[in-house]
Amino acid sequence: MHGAAQARKYRLQGAGLDLALPYLMLAPGLTIVLDVLVYPLWDGLRASTRAYRYGSPVGDVGFQNYMRLWSDTQFLNSLWVTVKFVALSVSFEAVLGFALALFCLREFQGIRLLRTVLIIPMVVTPVVVAIVFRLIYASDAGMLTALSQAIGGGAVQILGNPLNAFIGLVVLDIWEWTPLMFLILLAGLQSLPHEPFEAARVDGASAWRVFADLTFPMMRPVLAVAIVLRTIDAFGTFDQVFVLTRGGPGEATRLISIYGYDTAFKFQQTGYAAALFVTIGLVVLALAFSAIRLLRRVDAS
Amino acid sequence: MMHSSRLTRRSVIRGGLGLALATTALTTLGMPMPARAAGKKVIIGAFADGGLTPFKQKIIPLAKEQGFDIEFLEDEYGVTLEKWFADAQSGAGQYDVYLLDDPWVPQFGAANVLEDLGAGGIDGSDKDWIGSMIDMGYWPPQMGPRVKGFENAKPTLICVPFVGDLQTLTYRNDVFTGGAPKTWDEVIAKGKEGVAAGKIKYPVVFRGVSGNPIVTSWYPIFLSFGGSFFDDKWNPIFNSAEGKASADFFVGTMKQNAPSGVVEFDSDQEGAAILGGDAGAIIQYSGNALKADDPAQTKMAGKLDFGVVPKQQSAIAQMGIFIAGVPKSAPNKANAIEFLKWYVSAETQAKLSEAGSIPVKRSAFGIAKPGNRLIPVALKQLDAGALPRPRTPDWAKVEELLGIELNKALQAGSGGGEALDRAAKQVKDYLTTAGYY
Amino acid sequence: MRTRLARILTTVFVLAVVLLPIYWLVSTSLKSNREITQEGTLYPHVPTLDNYVRLFTEKQFGSYLTNSLVVTFFSVAIALVAGAMGAYAIVRFRLPFAMEGKVGLFLLTLRIIPPVVILIPVYLLMLHLGLLDTWLGLIVTYTAFNVTFCVWMMESFFREIPVDLEEAAMVDGDSRFGAFRRITLPLAAPGLAATAIFAVLVTFNEFLFALALTATPRAMTMPRGTATLIGRIDTDWASMAAAGVIGALPIVFFALLVQRHLVRGLTMGAVK
């Protein structure tokens, strides 16, 4: 390039700026993260040691809020509901997603359509997904009831029955997130080396043996990462329950996020809710990091 | 991976710019932003409820004629309490008026975040007020027990009644041919005849969703059975013999005579059941009742009549009025108070009554042509008996605890009394932690 | 022959499971409330577009859409720039206290904590900054969430790009930043696109913080605005269904448009 511009460029290469460059590049991102994420975390930590009345702090209570959690049956129940929800949803999604990925591994007519359509559930706004399922489950206006009545049956009860409502929520999650599992696992399958499979075919190994001896072991790391990602996400599920059941009937679908939200906003127990959130944050972090450690060990061996 | 892509930096940038341009275009070309008539701005927050339809359709235009520039922000019932309380408590100043559900008044009162409307010039002692309604606007309450910390405080008018909603009975006049059923036994017995005759599918219908809905449905039955909720020291006594009998009747007899899905019914399913011709009778607020004569909204127009709630010992309904408060942080406080003054005047209330909404001034009930035949019935119910819910800032939690237990018993179809015992214990524990005793 | 049949059946089944709920949403949105609750029809017998018209005349869905587009565009754009620079800094530079390794882990940690944990403090922060119910409040919040994600994604893309190219550019007279901007960034364009697409999806769909931080159509985003119609008192099923269609349409359209890059972005983090 020419003259003036060239000269300017040389000047910019001065040692001072180069030394500062990494910090200048890091600064914008870190500043906003520290202000909007880290400071609030610290703020929440402080709130968790205080008692609140009518929305204002009225004194320090140390760790009392944290202790109270473990004798709060509603908290324990919501924790249990959350664990059940996450375990059930994620394992179904993993199995279904894997099966579907294996199914789609070989090109055939209609596969492009299938893949395109499968993108829809996971990109649709979660609030809308919940609306969709309310429209399916509602015992009066719902699709299931309409179908049942069309074949001469009665109203179908999903959201009124604790077990059905819980299953209904799990089904929603499976509908929404199996496609993600599927796409991750399909990408994983496509990235596997061809040679071992060729060799197995030459040896005349059965499809099952190929899966058990080759596909599954080779896919284990991808599968594990996909499960960890989904698990972390599922723990924070809020929107769908908020719209679908708001935690009901009774406490059947009250996930920890909903209970925390209600405790904080509806019942104005800001300090107690903060303690609850801190606890949940720590639990999820501990879970995630032990999973990551486990993965690394598997990777190394 | 990199070379497999057709995306270049240029196309990314171009796409981004395109989006930005489209965005700006959308913004400037004007989403239908109503032209701001220069007027006295008042931002009203409300939860979506059919009970406010007459206000929206008829009174807001009148207010505009009076020079008020009303911004009416509707949200879902389930988020409004927390949103408005956060707004008031933090002084965010996003609203001028909240249209509260009346049990929320104590929470706002205890937090001391609402304007003193008496000082603003609204006369709470006006004899034209329906007494039980204006009482709900005071904190601490003028009558009845007060929570700790407010025993000696002077009652202040922090809210004014806005729409005088209360429960009444809606029934099918082709099933209950002798007029409104007088007792619950009659509701069930005649309702069953109606089912046998193929006129309806279920004698009754109600809301079974846990929390506020189920408690709202059970409450008039509880009151009619002669129950009381708290004693003077805030000890829960709703699990008295009368209370338990009402709960057993509710989860037993009433459930057996209601649609099987009633456990998950909220007011929309409840409304659909009566408006769609499935149910014989329901106790409801005005939201659905206002649709009863409109053929566009119901197949049953002409077959639905209103009456006082049935009784066991007495015929007492639950009051649940819309009540207006002005946050101390309101950006247009003076306009808001001026608007409320105009709104609760006898003249405007008469207009509200004409528009078909239940007014809050006695004179407005007596006008020549109330806009809905529900209005005289509402007055009859007020005179027969209508009680508000207990005036405690912790009602939301109490209602939730009770609602969960009632909902569980309703699912089981039995054990209403035991559910009340469990709920009473939880309520007592909770209020103990909250320092009530 | 049998595998062919099995394949067709499975494909049809999966398509049905995915599309039937969506059919029901759209079909409900074309009915009147009376038809929905009192007649239980399987398809709209008297189709009407009234529900859609109402969203734009009586409700402010036009504003919700504008707000969503503005907030999503700016928070993703800012986060992308800040995130790419941050990621580059920790990939290419040695920092004191081995910070280059720790920053990534730190951001990942923040990413793992469920957002609901900091909802209240963020509300109070935005209150003190006077940013409640504004575009800026949402943009700032979403940018922060997106930065953690962008750094994490871009880090792996930058690592793939050989240093030699930059060094060659610098020998030719580029500054350090110039080399980043003119050499590395264009090479990482596919990665940037994948990251941006993912961030757009997450941001456009966000509900919880929009719920807490907005109150009026001035700032309410699409999911938040849609949720004003989810009432359990006097549910307006028809409007709710129409709102669902309108609420999801832009993002589904966007996703199908960028399908290929979307899939790569979603899957690459896990497969690596």
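Residue numbers (the working numbering), protein chains in the order written: chain A, 1 to 301; chain B, 1001 to 1437; chain C, 2001 to 2272. Ideal Cβ positions, reconstructed from N, Cα and C, are used throughout, including at glycine. Quick caveat, the model's predicted, so the values are computed rather than measured.
Residue i and residue j look like a contact to me (Cβ under 8 Å); what is the Cβ gap, rounded to whole Å?
i, j, result
"Pro1181 of chain B", "Lys1192 of chain B", "No, Pro1181 of chain B and Lys1192 of chain B are not in contact; Cβ-Cβ is about 12 Å, not under 8 Å."
"Leu189 of chain A", "Ala101 of chain A", "6 Å"
"Leu2108 of chain C", "Pro22 of chain A", "The pair is not a contact, with the Cβ atoms about 19 Å apart (cut-off 8 Å)."
"Gln974 of chain B", "Asn161 of chain A", "Here chain B covers residues 1001 to 1437 and nothing more, so residue 974 of chain B does not appear."
"Glu1065 of chain B", "Ile1043 of chain B", "Not confirmed; about 19 Å, so no contact."
"Glu1082 of chain B", "Lys84 of chain A", "Rounded, the Cβ-Cβ distance is 27 Å, inconsistent with contact."
Is there a Cβ from chain B that is less than 8 Å from the Cβ of residue i?
i, result
"Ser290 of chain A", "no"
"Leu159 of chain A", "yes"
"Tyr2142 of chain C", "no"
"Tyr2052 of chain C", "no"
Please classify residue i as buried or exposed, where buried requires at least 16 neighbouring CB atoms within 10 angstroms.
i, result
"Thr2057 of chain C", "exposed"
"Asn1152 of chain B", "exposed"
"Gly1051 of chain B", "buried"
"Gln1311 of chain B", "The question names Gln, but residue 1311 of chain B in the sequence shown is Lys. So Lys1311 of chain B counts as buried."
"Asp1185 of chain B", "exposed"
"Ile151 of chain A", "exposed"
"Ile2128 of chain C", "Inspection of the sequence shows that residue 2128 of chain C is occupied by His rather than by Ile. With fewer than 16 Cβ atoms within 10 Å of its Cβ, His2128 of chain C is classed as exposed."
"Gly1320 of chain B", "buried"
"Lys1127 of chain B", "exposed"
"His2045 of chain C", "exposed"
"Leu1401 of chain B", "buried"
"Gly1030 of chain B", "Summary for Gly1030 of chain B: the model assigns pLDDT 41, below 50, so the residue's position carries little reliability, and this model does not support an answer."
"Phe2253 of chain C", "exposed"
"Arg201 of chain A", "exposed"
"Leu19 of chain A", "exposed"
"Ala1368 of chain B", "exposed"
In terms of DSSP beta bridges, what is residue i paired with?
i, result
"Met1319 of chain B", "B:Leu1166"
"Lys1284 of chain B", "Correcting the residue type first, residue 1284 of chain B is Gln in the shown sequence and not Lys. Per DSSP, B:Thr1168."
"Ser56 of chain A", "A:Arg53"
"Asp173 of chain A", "In the DSSP output, where bridge partners are listed per residue, Asp173 of chain A has none listed."
"Glu2160 of chain C", "DSSP output for Glu2160 of chain C lists no bridge partner at all."
"Gly188 of chain A", "Beta-bridge pairing links Gly188 of chain A to no other residue."
"Ala1046 of chain B", "B:Glu1074"
"Gly1325 of chain B", "B:Tyr1098 and B:Cys1159"
"Ala200 of chain A", "For Ala200 of chain A, which the question treats as bridged, DSSP gives no partner whatsoever."
"Phe960 of chain B", "Any property of residue 960 of chain B remains undetermined from this structure, which presents chain B solely from 1001 to 1437."
"Leu2009 of chain C", "In the DSSP output, where bridge partners are listed per residue, Leu2009 of chain C has none listed."
"Phe1068 of chain B", "B:Lys1040"
"Ala1386 of chain B", "B:Ala1317"
Counting only beta-carbon atoms, is residue i nearer than 8 Å to chain A?
i, result
"Ala1092 of chain B", "no"
"Leu1029 of chain B", "Caution is warranted here: a pLDDT of 42 is assigned to Leu1029 of chain B, below 50, making its placement in the model unreliable, and the coordinate value is therefore given only provisionally. Not closer than 8 Å to any Cβ of chain A, the Cβ of Leu1029 of chain B fails to qualify, so no."
"Ala1281 of chain B", "no"
"Leu2262 of chain C", "yes"
"Val1398 of chain B", "no"
"Leu2110 of chain C", "yes"
Following a CB-centred definition, is residue i positioned closer than 7 Å to any heavy atom of the ligand ADP?
i, result
"Phe75 of chain A", "This structure does not include the ligand ADP; it has no bound ligands of any sort."
Could you confirm whether any beta carbon from chain C is found closer than 8 Å to the beta carbon of residue i?
i, result
"Ala1086 of chain B", "yes"
"Gln1167 of chain B", "no"
"Leu12 of chain A", "Summary for Leu12 of chain A: the model assigns pLDDT 42, below 50, so the residue's position carries little reliability; its value from the coordinates is reported in the next sentence. Leu12 of chain A counts as touching chain C."
"Gly152 of chain A", "no"
"Tyr259 of chain A", "no"
"Gln74 of chain A", "no"
"Ala1035 of chain B", "Annotation note: pLDDT 43 at Ala1035 of chain B (below 50); position unreliable, coordinate value reported separately. It does not: the Cβ of Ala1035 of chain B has no partner Cβ on chain C nearer than 8 Å."
"Asp1069 of chain B", "no"
When the cut-off is 8 Å and only beta carbons count, does residue i lie next to chain E?
i, result
"Tyr2088 of chain C", "Within the model displayed, chain E is absent; protein chains A, B and C are what it includes."
Check: If you measure beta-carbon to beta-carbon, which residues of the region 2159–2186 of chain C are closer than 9 Å to chain B?
Finding: For the region 2159–2186 of chain C, which is checked against every Cβ of chain B, the residues closer than 9 Å are Glu2160, Ile2161, Leu2185 and Pro2186.
Checklist line | Contact set between the region 269–283 of chain A and chain C, restricted to residues whose Cβ is under 8 Å from the partner | finding: Thr270, Ala273, Ala274, Phe277, Val278, Ile280 and Gly281
Margin query: Closer than 7 Å between beta carbons: that is the criterion. Which residues of the region 2013–2041 of chain C meet it against chain B?
Written below: Arg2034, Thr2037 and Gln2038
Note to self: Please identify, using Cβ separations under 9 Å, the residues of the region 1255–1268 of chain B that lie next to chain A, in order along the chain.
What the structure shows: Pro1259, Ser1260, Gly1261, Val1262, Val1263, Glu1264, Phe1265 and Asp1268
Next item on the list: With 7 Å as the limit, tell me which residues of the region 2201–2220 of chain C have their beta carbon closer than that to any beta carbon of chain B; keep them in chain order.
Entry: Leu2211, Ala2215 and Thr2216
Note to self: So if I threshold CB-CB distances at 7 Å, which residues from the region 2125–2137 of chain C count as touching chain B?
What the structure shows: Leu2127, Leu2132 and Asp2133
Next item on the list: Closer than 9 Å, Cβ to Cβ, to anything on chain B: give me those residues from the region 22–56 of chain A, in chain order.
Entry: Arg53, Tyr54, Gly55 and Ser56
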